[in-house]
Amino acid sequence: MTALVAAVSLLAGCGSFGPPDPVTIQGRETHWLYYFVMIIAALVFVVVNGLIIFAVVRYKRKPTDTELPPQIHGNNVLEIIWTVIPTIIVVVMFVFSFNTLNSVDAVANTTDIRVRAVAAQFQWSFEYLSADGQKVLFQQLAPEMTIPAGKTVHLSLRSKDVIHAFYVPKFLFKRDVVPGRENVFEFTVDPADAGQTFSGQCAELCGLYHDSMLFTVKALSPADYDAWLAAQIVKANQSPPPAPSAQAGQVELDLTAKDLTFDKAALDAASADKPFTIKFQNNDPGTTHNVAIKDATGQEVFKGEIFNGVDNRIYPIPALKAGTYTYVCSVHAAMTGTLTVH
Amino acid sequence: MATTALTPAGTATKYGLYDWLTTTDHKKIGILYLVNSFVMFFIGGILALVVRVELAQPGLQFIKEATYNQAFTIHASLMIFLFIIPILAGFGNYIVPLQIGAPDMAFPRINAMSFWMLPLAGIMILTGFVTGGAAAAGWTSYAPLSEARYSGVGQDLWIVGVILIGTSSILGSINFLVTIFKMRAPGMTMFRMPIMVWTVLVTSTLVLMATPVLTSGLIMLFIDRNYGGHFFDPASGGNAILWQNVFWFYSHPAVYIMVLPAMGIVSEVLPVFSRKPLFGYKAFVFATAGIGALGFSVWAHHMFTTGAVYLPFFSFMTFLIAIPTGVKMFNWTATLYRGQLIFSTPLLYALGFLTMFLIGGINGAVSAAVPVDFALHDTYWVVAHLHYVLFGGSVFGVFAGVYYWFPKMFGRRLNETLGKIQFVVMFIGFNLTFFPMHVLGLEGMPRRIANYSPEAGWSDLNLLATIGGFTIAASMLPFLWNVFVTMRSGEPAGDDPWEGNTLEWATSSPPPPYNFDRLPEIRSERPVFDARHGLSGGGHG
Amino acid sequence: MTASTSALTTTHAPAEGHVREGGISNVILGMLLFITSEVMFFAGLFAAYFNVRATAPIWPPADFANKLHWLPTAAQPIPVVTIATILLVTSSATCQLGVWGIRNGNRTALVRNIGVTVLLGSIFLLLQAYDYTALYGDGVRLDAGTFGTTYFTLTGFHGAHVLGGVIMLSVVLYRAMAGQFSKEHHDMVEATSIYWHFVDVVWIVLFSTLYIIPNPV
C-alpha cells in the first residue's frame, strides 16, 4: 500500500523530489545539503518501512496458530544498536549541516553592492545604498530588485509594519523582515545566470494581501548593472517631466486605487488606434500603486510610473488596437480589471 | 473470549441529559471530551475544505482573502486546541483510572470543570466569525500582526478562548498526575503501568510546565491590544521576536502533547493484536521521558529564519530528538516480529500511524538542517510535515483508540468492514492530500496564501490535494454510519472482546460507575493477560 | 476464569480522597503541582521583562528612575514597597505558626495566626493599591513605555495571586473557626499555606528584580 502510494505520488511530483536549481553560490551549498540529508532520510524510510511491511506480510496470524507466539519482552543489545546507530547518523547530519550553515550565512561585509529591501503591507521597495551603506542613492518603488551577477550583494531588510519574509525560491533561501530589527544577509548570483529574472514572494503571513506581495530579482552583468544604476540615479535627481495635458477630443479615463483595490473592475476606451489618458488617483497613504496594461497574450503594452499615495498621475496610454486588455497594479498582483478598447 | 465473573451492582450508565451535564464520573467526562472534540474536528475539517476548494485552482473563485485568512487560522486553532489535545485528554480521562485500577480521577469535580471550559472556549473563538471577522493572524498569532492596529476583535476572542483552553489543560494535567502518582491499585508499581499511562504522565508534565508560559504570552498580547501595553511593539521598545519565543516555548512541547498519548494508544494496540508483549517496555518509558525533556530545548527551530536565534544549538537538539523517536519506531516494529498479527481496524490504524509518522519524522529531520530550513520554512513542505505527524500520526492513533475502546465505552463493537473501508479511504485520501505538498514546498509555494499565479506551475498538485481532501471527508461517512448503526443495534461486546492485556478489560463493558468489583492480581504490565493464562509472578517487577 | 481466588479485593472505595498508604496527600500534591504551573506562568512574565530590559538603552527609563514611590517620614523616605515586603514576609511566618498549631491540634493557635495572616495580606494589597495610584499620578502607567507595561503586569499579576491567597486564607479561617480542622484532617490548611509561601517567594524575587537590581542604593 505504501509503495503504491509512494509511486503514485512520485509520478504526481513531476519527476524530481528536489528544490529548483539554485542560482546563487550559497544556494548551491544548500542544494547539496538537501540531497545529502534526503538520501539518508530516504534510506531510513526504505529500511524501516521494509521491516514493517515484511512483518505485516510474514507474521499474519494463521488458522494453525492456536498457541501464543514466543512472548519476547525485549533485547538490550538491540536497544543499544538502534540507539547508537541513529545517534551517529544524526550527529553526522548535524556536522554537515553546521558546515553548510557557516557558508550560507556568512556576512563578510566587504562588498560595495548594498541594497536595502523595505517591506510593508503589501509591497516591496528597494533602496540602493552607497558603498559604506550610509546614503540612499536611489529608491526603487517598483517591486523589482536589480543586482549584478557574479558579485556579492549585501542585502539588509527593513519592515515598516509587521513581520514579512524575503523569499526567493531559486536562492533556496529566505530571511524574515522584522520591525525593530535589521536582518542582513549576503548572496552572490552565479555569473552564468546574468540576464535572468527570478521571482520572489513574502513568506511570512503579514495580513490581508499577503498572497500579493510579490517581487522579482533581476541579475545583470556587472557592467550592465553599473550602467543601469547610474542611469537610475540620474533619473532620480532630475526634476519630473511635466504632466501631459489632455488633448482636445482625447479620451480620459478615471481610475482610483483605495484599500488595495481599483474602484472600477472594468474600463472602456472608445479610442482604438488613438492615444488616450488614464487619470489615476492613489488614495492609499504610504502605499505605492500604478497602472500597467497587458494585452490578451499577457504582453505588457504600458507600464505607468509607480508612486506613493496619496497622489495622482495622468498616464499617457499609447495607441492600442481594438480588443480586450487587462490592467493591473505592478505592485499588487491581485489588483486587476478589464480594459475594452473599441 | 475471556469474561470475568463480575455482576455490576446496577445499570452501568444512565442517559439523562441532567446526568451528562452534571456528571463527575471520569468515564462520562471522557466521552464528553470525545464528542466535543469530534464536533470541533468536523468544523475544523469543513474549514480545511474551504481552504482546499479555494486553492484547487489559481485565482480567487469563491472567497476573498479576508475569509481565507480566517479559515486557515480557525482551522488550525480548532484542530490543535479543541480537537487533538482534548481528545487525547479524553482518552486519558476514560482509560487511565481503569488501567491503574482506580475508581475515578483524583479530583472529579475539577475534572468536570476542565471539560466544560472547552465548549465555552470553542464558542468564543467561533463567535469571531459573526462579530466582524474571526482571528486571521494564523494559529501562531505573530506580533505585530496580531496587535490591535492590525487585527480586530476576533483576535481578542481567540486570545480569551485559548486562555480558557490552557486553563482547562493545566487543571487536567494536575488531575492526571495526582491520579497516576497516588491512586494506582496495590501491586501496580510505576514500571507495571501500561505505556498509555506513562504517555499521559509525561504529556501531563509537559502541559503543566509549558502551557502557563503560553498563558503568560496571551495575557501580554491582550494587555498590548487592550490596555496600551508595549510588550511586542518595536516602536516603543518592545520586541516582536519576544512573542515568538514565548509562543514557541509552549507550542513546541505542545506538539509532543499532541502525539505522545497517541503513541500510547499505538503501544496498547500493537501488543494485543500481535499476541505478544510490547517489545522494550523500559525503553519506551525512557524514550517517552527523553522526548518530553528534550522537547523543551528545541523551540527556536520554528524561528530559524528570524535571524535572532542561536542556530547550532537548536539544530543539534532537534536532530537529537529524532533518536528516542527512532527507538520507539524500532521497538514497535519489533513487537510485530514473530507475532501473530490480527488485522483488526485498530491494528490497521496503528500500522498507519507507524508508516505515516515515519514520513513526518523524516521530513522534520530534513528541516533540522538549518540551511535547508532557510529554503523550506513557511512553505508547503512544513504543511506536509505537520499533517504527516499530526494527522498521519495523531489522528490515525485516535481512530485506533476509537475502534479499540469503543466496545469498552459503549458495550458494542463497531462494524469491522465499515472500519476497514474507512481506513482505506482515509489512508488514500490523506496521502493524496499531503504528499504532493512536499513537492509544492520544494518548488517554492509559501504557506497561508489565498491565491497563486497560474504561471507558478502549482495548479495541478493543488487540484490533486483538494481531491484528496474531499476523499478524507468522504471517509468520515462510513465512520459516522458505523457509529450510528452500532449505537442502535451493534453486536454486544462483552468484557474483553480483543483478549486485551490491561485492567480496563477486567470489568464489564461499559464498566460500573466505581469501575471494578474485583481486580486481578497485578504482577506485570499485563495483569489481564496474566490472569487469563493463569500466570503469577514473573513479568517486570 | 480470572484468578478470583488470588485476586486482591479492592473494597468499594469512595472516589475522592483515595490515598495510598503513607506519602503526601492528594490535595497537597495537587497544590504543589499547581504551584509549579504558576511558577512557569511567572517565568514567562519575567522572561518578557528581562528581554525588554536587555534591549533598552537605560533602565529604568530616566523619567521613572526616581518615581518608585516613597512614604515621607521624619527621618528619611521609606519606599512603600519595603513596608509591604516586611508585612508579607511576616504573614508567611504567622501562616506557618498557624500550620504548626493545627499539627499539634491547637485550634486556637490556628485561628489566631491565620487571622493575622489574612490581615497582613489585606494590608499588603492596600499598600499596593496606594502605590499604584501614586505611580499613576506621576505618569508611571501601564501604557507608559515598556517599563510601565512590564512593571504593572508583573506586580499586577502578583497582586492578583495575593488576592487569591487572601480569599483562600479567609475560607481557611472560616472553616477553622467552625472547628472543621483537626490534627489528623487539615489538608486544606497545609495546601493553602504552601500557596501563601509561594506568593511570598515570588514577591521577594519580584521586589529584588524591580527595585533592588536597577536601584542598588
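Keeping their order, the protein sequence lines are chains A, B and C. FYI, this note's numbering numbers position 264 of the first sequence as 905, with every residue one higher than the one before it. FYI, this note's numbering numbers position 201 of the second sequence as 214, with every residue one higher than the one before it. FYI, this note's numbering numbers position 62 of the third sequence as 72, with every residue one higher than the one before it. Positions of the beta carbon are idealized from the N, C-alpha and C atoms, including for glycine. Model, not experiment: these values are computed from the prediction.
Closer than 7 Å to chain C by CB, B/Phe244: yes
Beta-carbon neighbours of A/Phe828, restricted to chain B and to distances below 9 Å: Neighbourhood of A/Phe828 in chain B, by CB distance below 9 Å: empty, with the nearest CB roughly 11 Å away.
For B/Val210 and B/Glu512, the rounded distance between their alpha carbons: 19 Å
Among B/Asn376, B/Met342, B/Ala381 and B/Pro384, nearest to B/Leu364 - alpha-carbon criterion: B/Met342
Alpha carbon of A/Ser912 to alpha carbon of B/Ala61, nearest angstrom: 47 Å
Nearest neighbour of A/Thr724, chosen from B/Ala296, B/Glu538 and B/Glu517 [CA to CA]: B/Ala296
Contact with chain B by C/Leu5, beta-carbon distance below 7 Å: Nothing about residue 5 of chain C can be reported from this structure: the residues present for chain C run from 11 to 227 only.
Neighbourhood of B/Gly352 by C-beta distance below 7 Å, restricted to the same chain and skipping five residues each side: Ser287, Arg288 and Lys289
Member of B/Leu291, B/Pro71, B/Trp394 and B/Pro523 whose CA lies at the smallest distance from the CA of B/His39: B/Pro523
Simplified DSSP state of A/Ser840, which is helix, strand or coil: strand
Members of the segment 456-472 of chain B near chain A, C-beta cut-off 9 Å: Glu456, Gly457, Met458, Pro459, Arg460, Arg461, Ile462, Ala463, Asn464, Tyr465, Ser466, Glu468, Ala469 and Gly470
7 Å Cβ cutoff, B/Asp391 in contact with chain A: yes
Proximity of B/Pro157 and B/Leu131 at Cβ, strictly below 7 Å: no
Beta-carbon proximity of B/Gly135 to B/Met53, cut-off 7 Å: yes
Burial state of B/Ala150 (16 or more Cβ within 10 Å): buried
Chain-ordered chain B contacts of C/Glu48 [CB-CB under 9 Å]: Pro225
A/Glu893 in three-state terms, based on DSSP: Correct three-state label for A/Glu893: strand.
Buried versus exposed, by CB contacts within 10 Å (16 or more), A/Asn743: exposed
Chain A within 7 Å of B/Ile336, Cβ atoms only: It does; some Cβ of chain A falls within 7 Å.
Residues of its chain near A/Ala844, where Cβ-Cβ distance is below 7 Å and the 5 sequence neighbours each way are ignored: Ala806, Tyr808 and Lys815
When B/Met203, B/Ser407 and B/Phe366 are compared against B/Ser537, the one with the closest alpha-carbon: Looking at the Cα atoms, B/Met203 is the closest of the given residues.
Closer than 7 Å to chain A by CB, B/Gly551: For B/Gly551, the pLDDT reaches just 42, beneath the cut-off of 50, and the residue's location in the model is therefore unreliable, although a value from the coordinates is still provided. Cβ-Cβ to chain A under 7 Å: no for B/Gly551.
Partner residues on chain B for A/Pro710, Cβ-Cβ distance less than 8 Å: What A/Pro710 touches in chain B: Ser287, Arg288, Lys289, Arg351, Gly352 and Gln353.
Interface residues of chain A facing B/Ser229 [CB-CB closer than 7 Å]: Result: empty, since nearest Cβ-Cβ is about 21 Å, beyond 7 Å.
Min CB distance A/His983 to chain B below 7 Å: no
Cβ of B/Tyr46 within 7 Å of any chain C Cβ: no
Beta-carbon proximity check, B/Thr331 vs B/Ala381, cutoff 7 Å: yes
Of the listed residues B/Asn475, B/Arg65, B/Asn49 and B/Glu468, nearest to B/Ile97 (C-alpha basis): B/Asn49
Chain E contact residues for A/Val819, given Cβ-Cβ distances below 9 Å: No chain E appears in the structure shown, which is made up of the protein chains A, B and C.
Close Cβ partners of B/Phe13 (< 7 Å) along its chain, the five nearest in sequence each way excluded: This structure cannot speak to residue 13 of chain B, because chain B is shown only from 14 to 554.
Interface flag, C/Thr156 vs chain B, CB-CB below 7 Å: yes
Runs of alpha helix (DSSP H) wholly within the segment 824-882 of chain A (minimum 4 residues, chain order): 863-878
Proximal residues of chain A, C-beta to C-beta of B/Ile372 below 8 Å: Phe686
Partner residues on chain C for B/Ile236, Cβ-Cβ distance less than 8 Å: Going along chain C in sequence order, the residues near B/Ile236 (Cβ under 8 Å) are Leu152, Thr159 and Thr163.
Residues, ordered as in the chain, of the segment 824-852 of chain A that lie near chain B by beta-carbon distance below 7 Å: Asn824, Gln842, Ala844, Glu845, Leu846, Cys847, Gly848, Leu849, Tyr850, His851 and Asp852
Residues from the segment 43-74 of chain B in contact with chain C, defined by Cβ distance under 8 Å: none
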